[in-house]
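Start counting the sequence shown at 1117; every next residue gets the next number (our numbering).
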Amino acid sequence: MIEVEKGQCKERLTLPIGPLRLMGEYGDDRVSIDGEIATALATVDWLVNRQDKNFYIVGGSWRAVSRVNLVQKNAVLQILHGFSIGGAEAENLAGLIAAQEPESLAKVRDVPSRRAGTLPLAALILQNILKIMKPKRVITSSLGLREGIAYKHLSDQKKQEDPFISAAREMAEIGGRFKEHGDRLMDWIAPVFKGSKAPAFMERLYYGTCLLSDIAWRGHPDFRAERAMMEILYGRFVGVDHRDRGFVGLALNQINGGSQNSRLARLCRSLLSAEEVKQALVLGAALRLGHRVSGGTSKLLKRVRLKSSGDHLVLEVDDGFETIVNDVVERRLKALADQMHLTSSVELALNETSNIAIKG
1117 MIEVEKGQCK
1127 ERLTLPIGPL
1137 RLMGEYGDDR
1147 VSIDGEIATA
1157 LATVDWLVNR
1167 QDKNFYIVGG
1177 SWRAVSRVNL
1187 VQKNAVLQIL
1197 HGFSIGGAEA
1207 ENLAGLIAAQ
1217 EPESLAKVRD
1227 VPSRRAGTLP
1237 LAALILQNIL
1247 KIMKPKRVIT
1257 SSLGLREGIA
1267 YKHLSDQKKQ
1277 EDPFISAARE
1287 MAEIGGRFKE
1297 HGDRLMDWIA
1307 PVFKGSKAPA
1317 FMERLYYGTC
1327 LLSDIAWRGH
1337 PDFRAERAMM
1347 EILYGRFVGV
1357 DHRDRGFVGL
1367 ALNQINGGSQ
1377 NSRLARLCRS
1387 LLSAEEVKQA
1397 LVLGAALRLG
1407 HRVSGGTSKL
1417 LKRVRLKSSG
1427 DHLVLEVDDG
1437 FETIVNDVVE
1447 RRLKALADQM
1457 HLTSSVELAL
1467 NETSNIAIKG
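As structure tokens, then:
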């Protein structure tokens, strides 16, 4: 176990209480096994009362514990990496699994048969740790020793990169039409979220969504939304949890004009709070408008601007570029304003001091 604070390893230890060792020494003697685990953990004073911390579980046996929970709850997103539950719930789950026979656990869908024999003891160890720690949440990691070794050999610059943003950028470069357009769109939509009370974690999701906003362009228009949501919901991303996948997925659905009642859209919504749903829909509507007015070019994007003032949203267009505005642009501007509970209009920017409304 390792204590991590601000990306730095602090306390760390290895204890001789692995399932294979305990089984080899004590067999089925649970009383002796319980005593061995308790004695070992009692030597670790820094584990006590970590209610303000998250506990990331690593390794195949503990991932199998999470897999049982995914199946038991019939979780809408059967992705292990980033799967998160409350500390008390995790402790109860571990206790339940610890009381099962390996034969019954082997029958659980998606639990590797090679893990079934050690799963009850792995769960017992986890339960005892959680009783002491009382962590805020328990989060499953699909990464392990191999990935740690690979990370160790990265350059210092690479280590500082956000893994989700890096993956989104690479996907956009490979599958998108306009390599740098995500960065431009992030700047363009900024006025929409100025003064927003959205949680801080959303900003990186805004950026990731901007980068991924064009990844489904090769698909048939009727299925682009579904294709985009599939990529984020089931893609091999790290640095995101289930909530993050749902947020970006719902925004991508909006960008691509998908139905809010489709199966995948409902799945995304189920992973989010009401406020997060609202922010995802606003983000998607803003990017849907941005793609329409820009055509993927920075030249056109620089000629139109979003401005919000009070209860009104304005699309300002430079003189000579009025033809950018058509019925589709008007509808998408109104859709964005509706999501924000604002009125909207299009204004022609004649110079720095005067505007003329051309649509209202």
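Just so you know, even glycine gets a beta-carbon here, dropped at the ideal spot from N, CA and C.
At the C-beta level, residue 1254 and residue 1422 stay beyond 7 Å of one another. Counting every other CB atom within 10 Å of its CB across the protein chains shown gives residue 1356 a total of 16 or more, marking it as buried. Judged by their CB atoms, residue 1399 and residue 1322 are nearer to each other than the 7 Å cut-off.
When secondary structure is reduced to three states using DSSP, residue 1118 falls in the strand class. Note that the C-beta distance between residue 1305 and residue 1402 is below 7 Å.
At least 7 Å separates the beta-carbon of residue 1227 from that of residue 1284. Per DSSP, residue 1432 is not a residue of any alpha helix (DSSP H); the beta strand (DSSP E) it occupies stretches across 1428 to 1434. At a Cβ-Cβ threshold of 7 Å, residue 1330 and residue 1293 count as neighbours. Residue 1241 and residue 1353 have their alpha carbons spaced roughly 29 Å apart. In this structure, 1171 is the residue among 1191, 1171, 1184, 1221 with its C-alpha nearest to the C-alpha of residue 1202. For residue 1124, the beta-bridge partners assigned by DSSP are 1121. In the three-state reduction of the DSSP assignment, residue 1156 falls in the helix class, which pools H, G and I. Judged by DSSP secondary structure, residue 1223 falls outside any alpha helix (DSSP H); it is assigned neither H nor E.
The three-state reading of DSSP puts residue 1450 in helix, counting H, G and I together. Here the alpha carbon of residue 1148 sits roughly 10 Å from the alpha carbon of residue 1154. Residue environment for residue 1462: buried (at least 16 other C-beta atoms within 10 angstroms of its C-beta). Partner residues in the beta bridge of residue 1461, as assigned by DSSP, are 1430. When C-alpha distances from residue 1262 are compared across 1165, 1176, 1141, the shortest belongs to 1176. Rounded to whole angstroms, the separation of the alpha carbons of residue 1246 and residue 1208 is 9 Å. Of the candidates 1236, 1450, 1157, 1119, the residue whose Cα lies closest to the Cα of residue 1135 is 1236. With contacts defined as CB atoms closer than 7 Å, residue 1215 and residue 1222 fail to qualify as a contacting pair. Close CB contacts of residue 1397 within its chain, under the 6 Å cut and outside five residues either way in sequence, are with 1370, 1455 (chain order). Collapsing the DSSP output to three states places residue 1259 in coil. For residue 1309, the three-state secondary structure derived from DSSP is helix. Taking the CA atoms as reference points, residue 1275 sits about 22 Å from residue 1326.
With contacts defined by Cβ atoms closer than 7 Å, residue 1289 and residue 1295 form a contacting pair.
Going by DSSP, residue 1380 is part of the alpha helix (DSSP H) stretching over 1379 to 1386. DSSP places residue 1348 within a helical segment (H, G or I) once states are collapsed to three. Between the stretch 1367 to 1387 and the stretch 1335 to 1351, the count of Cβ pairs shorter than 8 Å is three or higher; the stretches touch. Here DSSP, grouped into helix, strand and coil, assigns residue 1201 to strand. The beta-carbon distance between residue 1406 and residue 1417, rounded to whole angstroms, is 7 Å. This is short enough to meet the 8 Å contact definition.
Looking at the backbone, the Cα of residue 1132 and that of residue 1271 are separated by about 34 Å.
About 35 Å separates the CB atoms of residue 1200 and residue 1336; that is not less than 8 Å, and the two are not in contact.
The beta-bridge partner set that DSSP reports for residue 1424 consists of 1429. The C-alpha of residue 1347 is placed about 21 Å away from the C-alpha of residue 1394.
Residue pairing by DSSP places residue 1172 opposite 1255 in a beta bridge.
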